[in-house]
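See below for the structure under consideration.
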Amino acid sequence: MKPKTLKEIKVVALLLSLLMVPILVTSHMRENVSLHTPISAESLDELAQTYRKSGIERFLDAKRTLQKRVSFNLKNDDDSKAQMAAMNIAVYMFPNLLHDTHLEKQYAEEHFKPLQDRIETVPGTREAQDNFEELRNLVWNYENPKQNEQGLSEYANEMLKIYGALSWK
Numbered sequence: 001m002k003p004k005t006l007k008e009i010k011v012v013a014l015l016l017s018l019l020m021v022p023i024l025v026t027s028h029m030r031e032n033v034s035l036h037t038p039i040s041a042e043s044l045d046e047l048a049q050t051y052r053k054s055g056i057e058r059f060l061d062a063k064r065t066l067q068k069r070v071s072f073n074l075k076n077d078d079d080s081k082a083q084m085a086a087m088n089i090a091v092y093m094f095p096n097l098l099h100d101t102h103l104e105k106q107y108a109e110e111h112f113k114p115l116q117d118r119i120e121t122v123p124g125t126r127e128a129q130d131n132f133e134e135l136r137n138l139v140w141n142y143e144n145p146k147q148n149e150q151g152l153s154e155y156a157n158e159m160l161k162i163y164g165a166l167s168w169k
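Counting with the working numbering, you get residues 1 to 169 for the letters of the sequence shown.
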């Protein structure tokens with residue numbers, strides 16, 4: 001290889017590496033900012049809106065991002081309100097993030113999560129609708145076992161809105 005060509009290659013490599021540093025830093029900063037964004041029941045509504053506006057792939061990306069935020073907030077002792085919101089979201093969306101000693105973890109993993117996964121696999125189909133009906137019944141019985149209270153918790157309602165939207169076109 002000619003020395004001039006080798007020198008050109010080195011210059012191009014240096015320029016590319018200089019270009020990549022700001023991109024990587026920006027990407028890292030964006031993820032950190034996202035993790036520190038306050039979390040609440042509205043976070044679930046945002047997830048439902050993402051599906052309605054952008055489809056299943058963007059929904060799944062947004063869900064992964066929300067899972068990271070929930071995980072961060074579960075461990076964040078500085079903000080008890082966000083921590084409680086994260087725990088409520090985890091029960092209905094990400095039970096794997098809950099401690100094994102958390103009473104609701106096993107039930108959510110065995111009952112809610114499999115139905116949610118099936119709905120996400122075949123959104124807008126009759127099968128998704130059937131799975132949603134089963135999910136809705138399980139959530140209702142879980143939150144109101146004696147059938148004597150009015151309504152569901154805000155987090156249960158928001159989760160059902162998400163999977164209701166996924167179930168029907």
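No residue lacks a Cβ here, since even glycine has one placed at the ideal position from N, Cα and C.
query, result
"Top-ranked residue by Cα proximity to Phe132, from Ile162, Glu110, Gln147", "Ile162"
"DSSP state of Gly164 mapped onto helix, strand, coil", "helix"
"Inter-residue Cα distance where the pair is Lys75 and Gln83", "7 Å"
"Spatial neighbours of Val33 in its chain, beta-carbon cut-off 6 Å, leaving aside the 5 residues before and after", "Residue placement at Val33 cannot be trusted, given a pLDDT of 42 that sits under 50; what the coordinates show is reported in the next sentence. Cβ within range, chain order: n/a, list empty."
"Pairwise C-alpha distance: His111 and Asp100", "16 Å"
"Buried or exposed by the 16-neighbour rule on C-beta atoms within 10 Å, applied to Thr50", "buried"
"Rounded separation between Val139 and Ala62 - CA only", "23 Å"
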